[in-house]
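**Student:**
Here is the structure:
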């Protein structure tokens with residue numbers, strides 16, 4: 106494989122090429138094309154870094170059943186959180202010839218939603234549980250390129266690296282875990298030959314929304330005993346949440362919240378006082394406004410009963426009184 110990539114770089118291809126392969130390899134060997142186009146940059150990685158051949162007709166690699174079982178066990182909690190949201194997404198796109206897939210961080214498919222009528226087509230392409238769709242194995246594709254570039258992607262038909270994958274369109278979004286690392290890719294793949302790029306963009310908005318919903322639900326499940334503060338955020342595709350424990354210490358933050366507050370990008374967080382992180386010197390922040398609104402809603406539901414409002418918020422009555430004082434609220 107590496108030898109094939111070296112031949113591309115030297116411009117001395119020995120094997121016959123399809124028209125798709127010619128297009129891919131010409132762009133892959135051009136530094137200027139890779140600089141101008143994200144798809145060409147991925148083709149460049151696929152051919153020259155990973156040594157892949159766009160004419161390769163081998164099916165995607167399937168991992169052993171025992172290895173798949175191990176991965177499913179590791180991600181059991183995450184998949185339980187994701188399942189109803191995968192169902193909801195499939196209910197929107199499944200009747201238009203689309204499959205919904207969830208992978209792990211390495212691009213191995215863990216779960217899928219697909220109609221019985223479309224299942225043979227997708228399985229023929231290798232879109233099935235246990236298949237490895239990393240960019241290292243399959244070249245440019247929705248799952249692998251999404252995970253490699255850590256961003257939402259649309260890989261439409263002949264933007265795929267392998268010629269055998271040009272019949273599909275793939276729309277993907279990464280999902281980040283509570284430690285700030287990518288934990289999964291959410292994929293919608295279409296088997297329709299008449300799938301348009303405009304339709305892809307419509308699906309992409311829903312995929313991004315679902316990925317964010319899974320990320321938020323997974324974060325909330327991981328910090329089930331903490332108070333969750335939601336920040337105002339201009340980025341509608343990112344979950345911006347802080348987890349604050351009963352001692353008003355920040356114990357968790359989503360990837361976007363880590364970025365917004367200058368916290369460590371990945372790994373466990375060192376607990377720190379919420380007041381140190383949020384501050385009040387320059388007026389209420391998005392988090393403070395959200396916290397104030399949450400307290401006011403709880404008091405309203407409890408008709409001003411602080412004890413009942415505290416139970417709704419999952420904090421002690423004394424803790425709620427301290428927060429009300431800090432937020433400038435009284436019992437009325």
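In this note's numbering, the protein residues as written are 106 to 437. Just so you know, even glycine gets a beta-carbon here, dropped at the ideal spot from N, CA and C.
#1: Does the stretch 296-309 come close enough to the stretch 154-166 to have 3 or more Cβ pairs within less than 8 Å?
#2: Around the Cβ of residue 315, are there at least 16 other Cβ atoms within 10 angstroms (buried) or fewer (exposed)?
#3: Would you please state the rounded distance, in angstroms, between the beta carbons of residue 290 and residue 212? I believe it to be under 8 Å.
#4: I need the boundaries of the alpha helix (DSSP H) containing residue 304, first residue and last residue.
#5: Residues in the same chain with beta-carbon distance under 6 Å from residue 147, minus the five sequence neighbours each way, listed in chain order, please.
#6: What do you get for residue 179, buried or exposed, if any count of 16 or more other CB atoms within 10 angstroms of its CB means buried?
#7: If I measure Cβ to Cβ from residue 380 and keep anything under 8 Å in the same chain, skipping five residues before and after, which residues do I get?
#8: Between the beta-carbon of residue 259 and the beta-carbon of residue 276, is there less than 7 Å?
#9: Helix, strand or coil for residue 208? Go by DSSP, reduced to three states.
#10: Roughly how far, in whole angstroms, is the beta-carbon of residue 149 from the beta-carbon of residue 241, given that I think they are within contact range, below 8 Å?
#11: Any beta carbon from chain B within less than 7 Å of residue 267's own beta carbon?
#12: If you drop the 5 nearest sequence neighbours on each side, which residues of the same chain put their C-beta closer than 7 Å to that of residue 387?
#13: Work out the CA separation of residue 168 and residue 351 for me, nearest whole Å.
#14: Can you name the residues that DSSP bridges to residue 217?
#15: Starting from residue 266, trace the alpha helix (DSSP H) both ways and give me its first and last residue.
#16: Taking residue 302 as the reference, give the member of 152, 262, 192 with the closest Cα.
#17: Can you give me the Cβ contacts of residue 422 inside the same chain, cut-off strictly under 7 Å, excluding the 5 residues immediately before and after it?
#18: What does a CB cutoff of less than 6 Å around residue 395 pick up in its chain, not counting 5 residues either side in sequence?
#19: Distance check for residue 368 and residue 361, CA to CA, integer angstroms please.
#20: Suppose contacts are defined by Cβ-Cβ distances below 7 Å. Is residue 292 in contact with residue 206 by that definition?
#21: Could you give the first and the last residue of the continuous beta strand (DSSP E) run that contains residue 155?
**Tutor:** If we stick to the structure as given:
#1: By the Cβ criterion, the stretch 296-309 is not in contact with the stretch 154-166, since fewer than three pairs of Cβ atoms, one from each stretch, lie closer than 8 Å.
#2: So residue 315 ends up on the buried side.
#3: Between residue 212 and residue 290 the Cβ distance is about 7 Å, and since that is below 8 Å, they are a contact.
#4: Counted as a single uninterrupted DSSP element, the alpha helix (DSSP H) harbouring residue 304 occupies residues 302-327.
#5: Here residue 147 has 245, 250 as same chain residues with Cβ atoms under 6 Å from its own Cβ, once five neighbours each way along the sequence are excluded.
#6: By the C-beta density criterion, residue 179 is exposed, having fewer than 16 other C-beta atoms within 10 angstroms.
#7: Counting only residues of its own chain and dropping the five nearest sequence neighbours on each side, residue 380 has a CB closer than 8 Å to the CB of 353, 431.
#8: The beta carbons of residue 259 and residue 276 sit closer together than 7 Å.
#9: Three-state result, residue 208: strand.
#10: About 14 Å; that fails the 8 Å criterion.
#11: Protein chain content of the structure displayed is limited to a single chain, and chain B is not contained in it.
#12: Confidence at residue 387 is low in this model, with a pLDDT of 45, below 50, so the placement of that residue should be treated as unreliable; the coordinate-derived value is given next. The beta carbon of residue 387 sits closer than 7 Å to none of the beta carbons in its chain outside the five residues before and after it.
#13: Each residue's alpha carbon lies about 44 Å from the other.
#14: According to DSSP, which records beta bridges pairwise, residue 217 is partnered with 206.
#15: Bounds of any alpha helix (DSSP H) do not take in residue 266, whose DSSP letter is neither H nor E.
#16: Ranking 152, 262, 192 by Cα distance to residue 302 puts 262 first.
#17: Same-chain partners within the cutoff: 411, 412, 415.
#18: Cβ neighbours of residue 395 within its own chain (closer than 6 Å, five residues either side excluded): 334, 335.
#19: Cα to Cα, residue 361 sits roughly 10 Å from residue 368.
#20: Yes, they are a contact pair.
#21: It is not in any beta strand (DSSP E) - residue 155 carries neither H nor E in the DSSP assignment.
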